[in-house]
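Student:
There are 2 protein chains.
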Amino acid sequence: MDPAPLLARHVARFEAALDRLTPPADTRPERLHRAMRYSLEAGGKRLRPVLCLAAAELCGAAPEDALPAAVALECVHTYSLIHDDLPCLDNDDLRRGRPTVHRAFDEATALLAGDALLTHAFVLLSTAHADRPGLAHALIRELADAAGSRRLIGGQMEDVLAEKRADVTAADLEFIHRNKTAAMLEASLVMGGLVAGTPEPTLTALRRAGEHLGLCFQIVDDVLDATADQATLGKTPGKDARAGKATYVSLHGLETARRLAAEQTEAAVRELAAVPGDSAFLRALVASLARRDR
Amino acid sequence: MDPAPLLARHVARFEAALDRLTPPADTRPERLHRAMRYSLEAGGKRLRPVLCLAAAELCGAAPEDALPAAVALECVHTYSLIHDDLPCLDNDDLRRGRPTVHRAFDEATALLAGDALLTHAFVLLSTAHADRPGLAHALIRELADAAGSRRLIGGQMEDVLAEKRADVTAADLEFIHRNKTAAMLEASLVMGGLVAGTPEPTLTALRRAGEHLGLCFQIVDDVLDATADQATLGKTPGKDARAGKATYVSLHGLETARRLAAEQTEAAVRELAAVPGDSAFLRALVASLARRDR
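As you go down the protein sequences, you meet chains G and L in turn. All residue numbers for the first sequence refer to our numbering, where the first residue is 231 and numbers rise by one. All residue numbers for the second sequence refer to our numbering, where the first residue is 231 and numbers rise by one.
1. Within a Cβ cutoff of 6 Å, which residues of the same chain sit near Q265 (chain L), ignoring the five residues on either side of it in sequence?
2. Could you confirm whether any beta carbon from chain G is found closer than 9 Å to the beta carbon of G427 (chain L)?
3. Quick test of your reading: A520 (chain L) and A491 (chain L), contact by CB under 8 Å. State the CB separation rounded to the nearest angstrom.
4. Give the residues from the segment 443-456 of chain G that approach chain L closer than 8 Å (Cβ to any Cβ), ordered along the chain.
5. At 4 residues or longer, and completely inside the segment 233-296 of chain G: list those alpha helix (DSSP H) runs for me, N to C.
6. Apart from the five residues just before and just after T308 (chain L), which ones in its own chain have a Cβ nearer than 7 Å to its Cβ?
7. Which residues, taken in chain order from the segment 307-329 of chain G, show a beta carbon closer than 9 Å to some beta carbon of chain L?
8. Cβ atoms of T495 (chain G) and C446 (chain G): under 9 Å apart, would you say?
9. Please state whether DSSP places R362 (chain G) in a helix, a strand or coil.
10. Just reading off the alpha helix (DSSP H) that A401 (chain L) is part of, what are its end residues?
11. Contact criterion: CB-CB distance below 9 Å. Does F352 (chain L) meet it with respect to chain G?
12. Comparing the C-beta of L262 (chain G) with each C-beta of chain L, is any distance below 9 Å?
13. Does the Cβ-Cβ distance between C282 (chain G) and A300 (chain G) come in under 9 Å?
14. L248 (chain L) and E304 (chain L): beta carbons closer than 9 Å?
15. By the three-class DSSP mapping on this structure, what secondary structure does R437 (chain L) have?
16. Here's the rule I'm using: 16 or more other beta-carbon atoms within 10 Å means buried, otherwise exposed. How should L324 (chain G) be labelled?
17. Counting only the same chain and skipping the five closest in sequence on each side, list residues whose C-beta sits under 6 Å from that of H313 (chain G).
18. Work out the CA separation of S379 (chain L) and A396 (chain L) for me, nearest whole Å.
19. Between A439 (chain L) and E388 (chain L), is the Cβ-Cβ spacing less than 9 Å?
20. To the nearest angstrom, how far is the alpha carbon of D315 (chain L) from that of L341 (chain G)?
21. Rounding to the nearest angstrom, what Cα-Cα distance links A419 (chain L) and H407 (chain L) in this structure?
22. Taking 9 Å as the threshold (beta carbon to beta carbon), is A338 (chain G) in contact with chain L?
23. At the 9 Å Cβ level, is M231 (chain G) part of the contact set with chain L, yes or no?
24. Could you please tell me which residues of the segment 266-288 of chain G, in chain order, have their CB closer than 9 Å to any CB of chain L?
25. Of all the alpha helix (DSSP H) runs that stay within the bounds of the segment 475-519 of chain G, which reach a length of 4 or more residues?
26. DSSP three-state label for P329 (chain G), please.
27. In angstroms with no decimal places, state the Cα-to-Cα distance between T428 (chain G) and R362 (chain L).
28. Determine, for M537 (chain L), whether the minimum Cβ-Cβ distance to residues of chain G falls below 9 Å.
29. Checking 9 Å against the spacing of the C-beta atoms, do P279 (chain L) and H263 (chain L) come in under that value?
30. Residue range of the alpha helix (DSSP H) that A417 (chain L) falls in?
31. When Cβ atoms are compared, which residues of the segment 340-369 of chain L fall closer than 7 Å to chain G?
32. From this set, G:D322, G:L373 and G:R326, which residue's C-alpha is nearest T349 (chain L)'s C-alpha?
33. Does the distance from the C-beta atom of L481 (chain G) to that of V398 (chain G) stay below 9 Å?
34. Are any of the Cβ atoms in chain G nearer than 9 Å to that of R333 (chain L)?
35. At the 9 Å Cβ level, is V301 (chain G) part of the contact set with chain L, yes or no?
36. Going along chain L, which residues have a C-beta under 7 Å from D375 (chain G)?
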């Protein structure tokens, strides 16, 4: 199955909702809301929203019912990128070919726009589902947990610390990616399932699929950084090696890293296949992410 | 009525819960969790938690039932201080006589500890009230709204922008304080009321009391900065005037500022008196905040 047509439909649906479910750019204070929209509208794969909409559909809900969850996930993802790019963390000037928020605006605005996007995720989930407080509560619990100090932010913190260490182990690297990357992918699939009122065993399969997908995604990133040419990758390859950064490739070698990526992909596909319903799109999407060349 | 004895009891109750309801300092990653606790345990007035516990008691709940809400409020307040102190905003080296988080740790850790505290507020509200999803939902909605881009962060953004402007009006200043300070005081009282299952008209009175208290608190701050001596204030007075910052004193003069503070105090006390129940403690607390000399 070619996932591209349904992927495009999910992305289009999501983009329309993103515009509707975030404050207009002329909301006071304008500078803050313009910065929030500048970063939200920068594009990107929209992977987390698509996983959420597709999981909702797989579990029998209308994808439209998962739009607030999808937008909340993207708000949290975008906030984490804005803060990541700040001078005290990665100090990046460009993201997706455009100036990062602190370059396009300034550091204070970027800091506050990140804070505002994180907060908006919870505003959105609690207002959009005001008539179903049980659902709002379950979605918020899942998202807050994935974004919290033990997961997304914890992975981020250990990533920062690892850059200054020469003794990073394979277990350390797995902790970082399990939390920095996989946590939000797990939440994306689980929140889709929650919207559909899916029972616990299925939520567990979705969570496991997200975890495997997150690890696969990160290993493929490391492999591409070590092997791709600049024209294909769209950014400078070899950055990790030059920075002396521990990666799956530096710790395990290229061949083992490729094998580990394939294993994680297979495991993700297996978990998805165990979910009752038609998981063909999600399985094809996962396979295409493992095969990507940028 | 002297509010001091009950104030001390509320603070002691809160401090014990703060320790219980935040991740231990040795949670992985340790550096992140140590920074979160370093800032949470720095003390301060604990005004927001006390308002929340007292409002719950006023409305007929056991103050203990409001402890998760009180801790969540303090997490959000503390995160806003950590981010405020960062070099790209106020660039403060000291807070309450101790090095700020980015001085005691580093900027990256301070940024992430702030993010983690904001997120923890929602983790806490959704887990502590897992058996009452309706309550969890109402508390989260109230807190997210108060902390959001139109209120706490919006006030913060306009405050940053106002520092670079020479034409700040009285209406601009009120927007800043209504959102930067009053929003969280409103939420503190309202969340106490929500824990007690208080009906809407009373919640509205609590919200109005918080708004008046927030404005009074800020005007008194401005008056103290213009009049107090360093020994009494515990920090350098006259900072605002030297920075050319618009304040209630610079815009309205000292006498009018004092009158406005008295009017806001009276209005807050009047709203509290309208709430059914014994509001003597909260009214005395508000009066004592208006009379404070530091």
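Note that CB positions come from ideal geometry on N, CA and C, so glycine has one too.
Tutor: Based on what the coordinates show:
1. The amino acid at residue 265 (chain L) is misidentified as Gln; the sequence shows Ala. Answer for A265 (chain L): V331, F335, T339 and A343, listed in chain order.
2. no
3. 6 Å
4. none
5. 234-250, 260-270 and 277-288
6. S269, L270 and L347
7. Y309, S310, H313, L316, P317, C318 and L319
8. yes
9. coil
10. A400 to H407
11. yes
12. yes
13. yes
14. yes
15. helix
16. exposed
17. G344
18. 24 Å
19. no
20. 12 Å
21. One point to set straight first is that residue 419 (chain L) is Leu, not Ala, in the sequence displayed. If you take the alpha carbons of L419 (chain L) and H407 (chain L), they lie about 17 Å apart.
22. yes
23. no
24. M266
25. 478-482 and 484-503
26. strand
27. 20 Å
28. Any question about residue 537 (chain L) goes unanswered here, given that chain L covers just 231 to 524.
29. no
30. A413 to V425
31. L341, L342, D345, A346, L348, T349, H350, F352, V353, S356, T357, P363, G364, A366 and H367
32. G:L373
33. yes
34. no
35. no
36. V353
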